[in-house]
Amino acid sequence: MRLATHHTKGLVEAGCDEAGRGCLAGPVVAAAVVLPPRVRIPGLNDSKKLNAARREELRPLIEEKALAWAVAACSPAEVDALNILRASFVAMHRAIAALA
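Count the sequence shown with our numbering and you get residues 90 to 189, in order.
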């Protein structure tokens with residue numbers, strides 16, 4: 090796996106963000122990404138401050154530069170059972186676990 094060859098002393102940092110917490114219905118989705126330490130992607134900052142078109146422009150750059158990336162979700166039924174905050178955390182944990 091590419092990710093395993095880039096870690097430092099057992100430490101790997103991943104960025105993780107969710108989408109869907111503001112919706113009244115539907116899943117909550119999270120993505121996790123590991124970029125090499127010194128890689129910078131211009132315009133990549135807070136995804137919630139980017140419009141949909143800019144996020145789509147950045148996506149292939151992120152996928153190209155990433156050591157690993159993953160997307161995971163909690164279903165609407167899970168959101169109802171857990172509450173939106175817990176479902177967000179579950180989706181983020183799933184995305185991070187999928188990096189390995």
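We put the beta carbon where it would ideally sit given N, CA and C, even for glycine. Since this is a predicted model, take the numbers as computed values, not measurements.
Helix, strand or coil at residue i according to DSSP, with G and I counted as helix
i           : result
residue 153 : helix
residue 179 : helix
residue 121 : strand
residue 108 : strand
Span of the beta strand (DSSP E) around residue i
i           : result
residue 103 : Note, residue 103: premise wrong, no beta strand (DSSP E); not H, not E.
Distance between residue j and residue i (C-alpha atoms, nearest Å)
i           : j           : result
residue 166 : residue 185 : 21 Å
residue 157 : residue 151 : 10 Å
residue 135 : residue 141 : 12 Å
Of the listed residues the options, nearest to residue i (C-alpha basis)
i           : options            : result
residue 122 : 112, 113, 133      : 133
residue 109 : 172, 187, 189, 131 : 172
Burial state of residue i, where buried means 16 or more other Cβ atoms lie within 10 Å
i           : result
residue 137 : exposed
The alpha helix (DSSP H) enclosing residue i, as first and last residue numbers
i           : result
residue 165 : 165–171
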